[in-house]
Amino acid sequence: DGAVEAQNVTVEKIEKNEDNGTVSINGGIEEGGVDLWRSGDIYRTVTYDDYPVYYMMGELVLPVDDSVTLSDSSASVDAVPVETNGAIEVGKAVSEDKDNWTPYNTTVFTKDGVVSNILRIWVP
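Have a look at this one:
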């Protein structure tokens, strides 16, 4: 599925695609290798369905900026994003739906180690 957590991979071939920011190692997932996608200034592994692969590295508590914003379009594929602003209101919105925040539908942005923006999208 493209996951390589705690696996040693002998690299025999690397193919870079500068147009879309991908790197295929040993032919990519289709050939038993690994695909990496550029996300900002880092590369991440992906699965066959193009979802990122996440590995538990531990837990971290980050402070939230007083002016944090939440953009939530997780209600449906066509949902108009619901915008929530401010640490107190964003905290309430997250608390009202505690069980539906996942690494697959939620992206947390930080600036200088402080949560500045949260984006949640619809995932089937």
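For the sequence shown, UniProt numbering gives the first residue as 1, with consecutive numbering after it. In this text, a Cβ means the ideal position worked out from N, Cα and C, and glycines have one as well.
Asked: V23 versus Y43, G32 and E31, residue with shortest Cα-Cα distance; Found: Y43
Asked: The region 46-53 in contact with the region 61-79 per 3-pair CB rule at 8 Å; Found: no
Asked: Reduced DSSP secondary structure (H/G/I, E/B, other) of residue 129; Found: No answer is possible for residue 129: it lies beyond the span of the chain, which begins at 1 and ends at 124.
Asked: CA-to-CA distance, D65 to G86, given in whole angstroms; Found: 8 Å
Asked: Residues bridged to P124 (per DSSP); Found: In DSSP, P124 forms no bridge with anything.
Asked: Chain-order list of residues whose beta-carbon lies under 7 Å from that of G113 (same chain, five-residue window excluded); Found: L62
Asked: DSSP-derived helix/strand/coil call for N105; Found: coil
Asked: Own chain partners of S116 with C-beta closer than 7 Å, once the 5 adjacent residues on each side are dropped; Found: D65, V68, F109 and T110
Asked: Where the alpha helix (DSSP H) containing E89 begins and where it ends; Found: A87 to S95
Asked: Pairwise C-alpha distance: T107 and V94; Found: 13 Å
Asked: Distance between beta carbons of N100 and S74, contact taken as under 8 Å; Found: 7 Å
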